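Contents: one structure, followed by commentary.
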Amino acid sequence: MMNQPVHTNAEFKEQMKARNRWLWVIPAAGLITFVLGLYGEFGMDSPLSDKMLGVYTGMGLGLFVVGVVLTIRNHRIMKDEAKLKAWRLKYTDERNIAISRKAWQIAAIVLLAGLYLGGLIGGLFIPVLVDVLLCGVCLFLVAYAIAWQVLNARH
Amino acid sequence: METRIQALRKENKVTQNELADAVDVTRQTIISLERGRYKASLVLAHKIAQYFGLAIEDIFVFDQEDENI
Numbered sequence: 000m001m002n003q004p005v006h007t008n009a010e011f012k013e014q015m016k017a018r019n020r021w022l023w024v025i026p027a028a029g030l031i032t033f034v035l036g037l038y039g040e041f042g043m044d045s046p047l048s049d050k051m052l053g054v055y056t057g058m059g060l061g062l063f064v065v066g067v068v069l070t071i072r073n074h075r076i077m078k079d080e081a082k083l084k085a086w087r088l089k090y091t092d093e094r095n096i097a098i099s100r101k102a103w104q105i106a107a108i109v110l111l112a113g114l115y116l117g118g119l120i121g122g123l124f125i126p127v128l129v130d131v132l133l134c135g136v137c138l139f140l141v142a143y144a145i146a147w148q149v150l151n152a153r154h
Numbered sequence: 000m001e002t003r004i005q006a007l008r009k010e011n012k013v014t015q016n017e018l019a020d021a022v023d024v025t026r027q028t029i030i031s032l033e034r035g036r037y038k039a040s041l042v043l044a045h046k047i048a049q050y051f052g053l054a055i056e057d058i059f060v061f062d063q064e065d066e067n068i
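For the protein sequence lines, the chains are A and B, in the order given. According to numbering that gives the first Met the number 0, the stretch in the first sequence is residues 0 to 154, in order. According to numbering that gives the first Met the number 0, the stretch in the second sequence is residues 0 to 68, in order.
In structure tokens:
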């Protein structure tokens with residue numbers, strides 16, 4: 000989860016601060032999406048369906064709330080040395096990292112299978128699903144191949 | 000992988016929490032190591048060996064067949 004190995008609370012705090020500097024992106028993106036959704040719903044004659052406007056406002060509000068909650072939580076953790084240590088261990092413990100990697104692998108396989116089957120079966124009823132979901136599979140595989148090459152060159 | 004961590008802990012009257020604290024891992028990792036459900040990395044094996052003042056191979060039992068050695 001973290002980029003550099005950390006061994007002390009001070010190092011972990013620095014990493015958390017660095018992450019917090021970018022955390023505003025989540026609530027900001029959420030707020031923009033939410034406002035656009037509201038504007039489409041009440042401010043103008045939008046060509047979008049009520050469902051899509053609901054998705055925009057719902058997703059936007061969700062992202063905004065998550066971003067704010069994460070920011071507050073991180074600030075609280077950074078102020079409390081005991082909590083900071085518990086979180087440091089949680090994120091740097093090698094067994095937890097191994098479990099997390101394994102969980103990502105399993106989730107990736109389930110995602111790929113879901114996209115593939117969803118595209119093939121869903122495409123029978125809604126043809127555009129084949130394009131969208133199989134593009135998702137291709138995007139995943141291309142991202143994997145690029146990441147593999149980059150990491151292989153670095154390590 | 001089989002380890003002698005539990006026996007060494009008891010010999011030295013060290014709790015799982017104390018060992019976990021000393022080698023910078025969670026208590027759950029120590030439990031998993033003791034039960035042989037998790038294989039420690041070289042760094043963690045080294046830290047544990049250093050903590051007990053022993054060599055890695057005195058604590059971690061390598062099964063030649065399992066490890067394909």
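For each residue, glycine too, the CB sits at the ideal point set by N, CA and C. Values in this document were obtained by computation on a predicted structure and should not be read as measured data.
Worksheet item: In terms of DSSP beta bridges, what is Thr-2 of chain B paired with?
Response: B:Phe-59
- request: Spell out a yes or no on whether the region 49 to 64 of chain A and the region 76 to 83 of chain A are touching, meaning 3 or more CB-CB pairs, one atom from each, closer than 8 Å.
  value: no
Check your understanding: For chain A, is any of its Cβ atoms less than 7 Å away from the one on Leu-18 of chain B?
Key -> no
Taking the beta carbon of Val-22 of chain B as the centre, do at least 16 other beta carbons fall within 10 Å, making it buried, or is it exposed? buried
Chain B partners of Asn-8 of chain A, CB-CB under 8 Å?
Those do not exist, as Asn-8 of chain A stays about 11 Å from chain B at its closest Cβ, beyond 8 Å.
Check whether the region 8 to 25 of chain B and the region 85 to 104 of chain A touch, using three or more Cβ-Cβ pairs below 8 Å as the test. yes
| Those runs of the alpha helix (DSSP H) which lie wholly inside the region 24 to 62 of chain A and span at least 4 residues | 24 to 37
Query raised in the report: Is it buried or exposed for Ala-39 of chain B, if we count other Cβ within 10 angstroms and need 16 for buried?
Result: buried
query = Counting Cβ pairs, one atom from each stretch, are 3 or more of them under 8 Å apart for the region 44 to 51 of chain B and the region 133 to 144 of chain A?
reply = No, the region 44 to 51 of chain B is not in contact with the region 133 to 144 of chain A.
Spell out whether any CB of chain B is found under 7 Å from the CB atom of Asp-79 of chain A. no
Which stretch, first to last residue, makes up the alpha helix (DSSP H) that contains His-45 of chain B? 41 to 51
Could you list which residues in chain A have their beta carbon closer than 8 Å to that of Thr-25 of chain B, in chain order?
-> Leu-88, Lys-89, Asp-92, Arg-94, Asn-95
- CB contact check: Thr-28 of chain B to chain A, cutoff 7 Å: The beta-carbon of Thr-28 of chain B is placed less than 7 Å from the nearest beta-carbon of chain A.
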